[in-house]
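*Asks:* Using our numbering, read the sequence shown as starting at 1004 and increasing by one per residue.
A virtual CB, placed ideally from N, CA and C, is assigned to each residue, including glycine.
Predicted model only: the values in this text are computed from it and were never measured.
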Amino acid sequence: MLSLNPNTMSERENYKMLIGSIIPRPVAVVTSLAKDGTLNIAPFSYFNIVTSNPPIISLSIQRQNGQMKDTAHHIVTSKEAVVHIAEESYIKDINQTATSFSSGESELSLTNFTLNQAKSISVPMLSELQIKMEVTLYQHIEIKDDHQVTADLLLLSVNYYHIDDTLYDHGRIDFKKLRPMSRLAGNDYAKIGEVITIERPV
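#1: Measure the CB-CB distance between valine 1086 and valine 1033 and report whether it falls below 7 Å.
#2: Taking glycine 1023 as the reference, give the member of Val1198, Ala1193, Thr1200 with the closest Cα.
#3: Would serine 1048 pass as a contact of threonine 1074 if the rule is Cβ separation under 7 Å?
#4: Let me know the secondary structure DSSP gives methionine 1020 once reduced to three states.
#5: Please state whether DSSP places isoleucine 1025 in a helix, a strand or coil.
#6: Have a look at Asn1190, Asn1008, Met1071, Lys1095 and flag the residue whose alpha-carbon is nearest the alpha-carbon of asparagine 1115.
#7: Let me check understanding here. Comparing Cα to Cα, which of Pro1183, Ile1146, Lys1180, Ile1195 lies closest to arginine 1066?
#8: In chain order, what residues of the same chain have a beta carbon less than 7 Å from the beta carbon of isoleucine 1176, not counting five sequence neighbours either side?
#9: Once DSSP output is grouped into helix, strand and coil, what is the label at asparagine 1043?
#10: DSSP three-state call for lysine 1079: helix, strand or coil?
#11: Would you mind sorting lysine 1135 into buried or exposed? The rule is 16 or more other CB atoms within 10 Å of its CB.
#12: Quick check on DSSP: helix, strand or coil for arginine 1175?
#13: Cα separation between serine 1160 and lysine 1179?
#14: Give the straight-line distance between the Cα atoms of serine 1112 and aspartate 1168, rounded to the nearest whole angstrom.
#15: Rounded to whole angstroms, what is the Cα-Cα separation between proline 1046 and glutamate 1202?
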């Protein structure tokens, strides 16, 4: 078995080990607003549940040369965003939102998405995606190496869930109808494949 010490590896080498090993990863499609009102849309796969009591999710956003990315900056500044679950029907539009745009430009122009107003925050939601969560910033944690901040870990409180009626059944979500997409390494995404049910031990 190959044994590697991450402290002797470059950032890119560690990145490849992590994204190739920790798979599949759920994809969050995040909308946020700049101070000038420009809508930012971006997908992130460093994303997961933290706790259900209270409902908090996590989003980790890597910095570029020590500089905060737009989504992180907007959320830390305004303390609000909408997190959507990536789904198969719109994966090409979602992938387009990963385009690097200058501040003041919106990724919306690259997609077929339309907008709905949220209930509790000012950030709009993407109408077409079937699961949306209005969130506010619970905690911002700066991740540092020996020299600078390298990432922003955002813990986000869920204020509202918006679930398409066709997915919802007695408090549960039908993942077969949602058809969520997950992230692998490189340019690869994955669909839900074979599902194995195993009862938990008592």
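*Replies:* The answer reads as follows:
#1: yes
#2: Ala1193
#3: no
#4: helix
#5: coil
#6: Lys1095
#7: Ile1146
#8: Ile1166, Leu1170
#9: strand
#10: What sits at residue 1079 in the sequence shown is valine, not lysine. Helix, per DSSP.
#11: buried
#12: strand
#13: 26 Å
#14: 28 Å
#15: 33 Å
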